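**Student:**
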Amino acid sequence: MNIKLGIIVIADIIQADTKRKFPGENTNYLLGEFLRQSKEISNGFIFMNIQETDLAGHTEETLKYSNLLEFIDKRLPLIESLFKKMIY
């Protein structure tokens, strides 16, 4: 199995022609789609841009930004465990 995992806040860094795109700003939706689609692939590259954190940073909404980081941080173990199961 050859899977790469990327979680980043930079938009449009990767250009791909795929039906698996799930654009949006809502972090909960994006994480849900990321997890759902991660379970469906066995070979490839999956990438998620967390746009909501980027926007909060640009508008200097520090409380929103920190809340989003905590929200994401709490879900990282779930993402990590999913990919560990896929690798082993």
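According to the working numbering, the sequence shown is numbered sequentially starting from 323.
All C-beta atoms in this analysis are idealised placements derived from N, C-alpha and C, irrespective of residue type, glycine included.
Treat the numbers as computed from the prediction; the structure is a model and nothing was measured.
1. Who are the near neighbours of residue 397 in its chain, counting only those whose CB is closer than 8 Å to its CB and skipping five residues on each side?
2. Three-state secondary structure (DSSP) at residue 366?
3. With residue 348 and residue 374 assumed to form a contact (beta carbons below 8 Å), what rounded beta-carbon distance in angstroms separates them?
4. Residue 357 to residue 340, Cα distance in whole Å?
5. For residue 348, does the three-state DSSP call read helix, strand or coil?
**Tutor:** Checking against the coordinates, here is how it stands:
1. 353
2. Of the three classes helix, strand and coil, the one that applies to residue 366 here is strand, per DSSP.
3. 7 Å
4. 17 Å
5. coil
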